[in-house]
Amino acid sequence: MILAADIGNSDIVLGIFKDSELLQNWRLHTVHHQSVDEYEMLVRGMLFACDFSLEDVDGAVLSSVVPELTNVFLNLIENLVGQPP
């Protein structure tokens with residue numbers, strides 16, 4: 025599975041894909057000053073609530089127009105998936 029993250033000025037949209045099928049998606053309000061740890065708790069909680077295991081995530085993609093959150097999400101994805109997007 026692939027974790028996709030699209031960081032926009034108003035919203036952050038996350039999705040889990042298997043092949044080309046979107047299995048689940050989430051929308052969060054963009055908080056520019058949130059830390060890696062805070063976003064990681066949110067994402068882990070959303071994955072857990074939907075019965076997804078991080079062990080099943082093979083990779084990730086990231087799109088961001090919010091420079092101050094790009095590195096936050098690069099680190100977040102590496103923490104969750106074990107490799108950069």
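Under our numbering, the first residue of the sequence shown is numbered 25, with each subsequent residue one higher. Don't be surprised by glycine CBs; every beta carbon is placed ideally from N, CA and C.
Contact belief for A28 with V67 at Cβ below 8 Å, rounded distance in angstroms: Here residue 28 corresponds to residue number 4 of the sequence shown, with the count starting at 1. Here residue 67 corresponds to residue number 43 of the sequence shown, with the count starting at 1. A28 to V67, Cβ: 12 Å. No contact.
With burial defined as no fewer than 16 other Cβ atoms inside 10 Å of the residue's Cβ, what is the status of M65: buried or exposed? Locating residue 65 in the sequence shown gives position 41, where the first residue counts as 1. Counting Cβ neighbours within 10 Å, M65 comes out exposed, since fewer than 16 surround it.
Do P109 and G69 have their beta-carbon atoms positioned less than 9 Å apart in this structure? Within the sequence shown, numbered from 1, the residue matching residue 69 stands at position 45. Within the sequence shown, numbered from 1, the residue matching residue 109 stands at position 85. It is not a contact, given that the beta carbons lie outside the stated cut-off.
Between the alpha carbons of Q107 and I40, how many angstroms are there, rounded? Numbered from 1 along the sequence shown, position 83 holds the residue referred to as residue 107. Numbered from 1 along the sequence shown, position 16 holds the residue referred to as residue 40. Going by the C-alpha atoms only, they are around 16 Å apart.
Within its chain, find whatever has a CB closer than 6 Å to the CB of Y63; leave out the 5 residues flanking it on each side and keep chain order. Along the sequence shown, one-based indexing puts residue 63 at 39. Correct list, in chain order: L100.
Which of helix, strand or coil does DSSP assign to N49? Along the sequence shown, one-based indexing puts residue 49 at 25. N49 falls in the strand class under three-state DSSP.
Nearest to V37 (by Cα), restricted to the options L52, I26 and S44: As a first step, residue 37 must be located in the sequence shown, where it is residue number 13. Comparing Cα-Cα distances from V37 to each of L52, I26 and S44, the minimum goes to L52.
What residue range is occupied by the uninterrupted alpha helix (DSSP H) comprising G69? Along the sequence shown, one-based indexing puts residue 69 at 45. Note, G69: alpha helix (DSSP H), V60 to A73.
Rounded C-beta distance between V89 and G32? I'm assuming under 8 Å. On the sequence shown, position 65 is the one that residue 89 refers to. On the sequence shown, position 8 is the one that residue 32 refers to. The C-beta distance from V89 to G32 rounds to 6 Å, short enough to meet the 8 Å contact threshold.
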